[in-house]
Every structure is written in C-alpha cells, then in structure tokens.
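Report on the following structure.
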Amino acid sequence: MAAPRIILYTNHLCPFAQRAHIALKELGLQYEEVIIDLEKPREPWYLEINPRGLVPTISYNGTIIPESAIVAQLLADAHPSHLLPPSNTPEGAIKRAQISFFVDSYTSKVLPVVWASHRAGTPEEKSALAEDLVQAIEKNKLEAQLYPEGSGSGPFFHGSEKLTLAEVLTGSFLLRLLSLHKPEYGLLAPELPSLLEQRVPKFLKWAQAVIQHKSVNHLWNEKLAGEKAVARLKSKH
Ligand SMILES: N[C@@H](CCC(=O)N[C@@H](CS)C(=O)NCC(=O)O)C(=O)O
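Okay, here's the thing in structure tokens:
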C-alpha cells in the first residue's frame, strides 16, 4: 500500500490532539502538521476544515476527518496492527468492544472527576475529589477490565506486550493524571498517587507503563502543559 498523505491539524498541548500523535507514532506513519493557535479565534479557513473549530482534525489522502477518537480509529483501521484486532471474527469484534468500553469508562466516569478536581477551589475539595476519582476507578472495575482472567503477561490492555487502542485513547490523559498533583501545578490533590497505589495498584502500574512508552510521551512537555492548564483555569475565575 502506498504511504498515505496525512496532514494533522493539531496543538501539542491538547490531550485530544495527542491521541492522534500517539496513533501516528505507534503506526510509524509520516505526516505533516499544521499547528492551530487555540488562544485566538479560529480563522475561516480552519472552520471550513472543521466547523467545530476544535483540534485535532486529520486530512487522510485528502479526506477530512475531525474528532480525536474517530481519527485514531481511522488510523488503526486503515493500518492493521497490534493496536486493534480485525473486526471480522467474533474474537476480534469482542476485543474491540472491550477496548471501546474501557475507553468509555475512563472518559465518561473518571475524566469528569479529574476535571472537577482541576476546577476545585480548595485543598479540601481536591482531596474529596481524589477519593471520588479512586472510587470511580474501583466502581467501574477498571482493573478487571484491564486484566481479566486469562490475560497475557504484558503491561498493556489484556496483558498485551504492545500498546493497544485503549492506551492510544487514554495515554495523554494519564500523563496529566500522574503529573498535575505536583505542588508547582496543584490541580489534583497531592495524596492522589498514594491513594492510587493503595487502592488500585494494578491501574497505577498500567498507567505508569503507558506514560513511559515513547509513542505516548514523545510530545509531552510536563512543565508547559502544567503551567498552561493552571493559567487557563485562572483566566476563567
Ligand atoms: N471531542 C473533541 C475535543 C477536542 C477539544 O476539545 N480540543 C480542544 C483543545 S484540547 C480545542 O480544540 N479547543 C478549542 C476551543 O474550544 O476553542 C475531540 O475528541 O477531538
């Protein structure tokens, strides 16, 4: 297959856009990037490309596709690999559904608590939300989803030795989850890492393995991302 022509409209500080970068890196695909300045109103040419005005958007051989999860899915489907099994066997279809449910659990049940903690005004509120966050991981059985009985011995989803789409779609959020409790940012409660260690150690170990992977962290600039996140919150208050 000829290499596709890929243009990614992106911003390196956006965790959604990072999903596309992680997929592209893990699949070894070359691409051009166009950086969109999110501090300014979107220009008309970009609104023609993506009427929502958000990043990321991909142009894949000239076809425009917006939305990070859809972009990552397109890349994984167009370039079959360890990220996702084929959908045309019952086993493959089931694994894909399990990955989707895991990502849905993280983004719809855990992530909103993380964001609530970023916005919380006092250390007491942040501590209460750290507890809620751990409870969301427990209640939604993320550890059992990650490593059900019969899993392999690798660090990733279902014991895979290599990244899967589950990690592509959560990795950028895990980078933030495991950094933004530090005092210089203070967006999450300082005790969060020890709570995760005590109550959901398999989840924490998985998250640590994910953020150490080069495909996940190759664009990560903790200081810049942390400081921007703090500044953005301050500007809203
Ligand atoms: N659901 C979208 C969310 C993307 C998103 O919120 N991107 C943010 C940056 S992290 C953005 O483009 N914000 C620009 C704005 O709101 O004006 C996706 O998954 O792609």
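Heads up: the sequence shown at position 124 corresponds to 1229 in our numbering, and the numbers run straight through without jumps. Ideal Cβ positions, reconstructed from N, Cα and C, are used throughout, including at glycine. Because the structure is a prediction, the values reported are computed rather than measured.
Item: Residue burial classification, residue 1127 (beta-carbon count within 10 angstroms, cutoff 16); Value: buried
Item: Check: residue 1174 C-beta below 7 Å from any heavy atom of ligand 1; Value: yes
Item: Residue 1265 versus residue 1253 - alpha carbon distance; Value: 12 Å
Item: From 1180, 1296 and 1109, residue whose alpha carbon lies closest to that of residue 1229; Value: 1296
Item: Limits of the unbroken alpha helix (DSSP H) element including residue 1151; Value: 1149-1154
Item: Cβ shell of residue 1259 (< 8 Å), same chain only, five flanking positions each side left out; Value: 1265, 1266 and 1267
Item: Beta-carbon proximity of residue 1300 to residue 1235, cut-off 8 Å; Value: yes
Item: As assigned by DSSP and simplified to three states, the class of residue 1305; Value: coil
Item: Inter-residue spacing [alpha-carbon to alpha-carbon] between residue 1303 and residue 1309; Value: 9 Å
Item: Three-pair Cβ contact test at 8 Å for the region 1319-1332 versus the region 1271-1291; Value: yes
Item: CB-CB length for residue 1211 against residue 1247, believed under 8 Å; Value: 7 Å
Item: Per-residue burial, residue 1276 [other beta carbons within 10 Å of its own, 16 or more giving buried]; Value: buried
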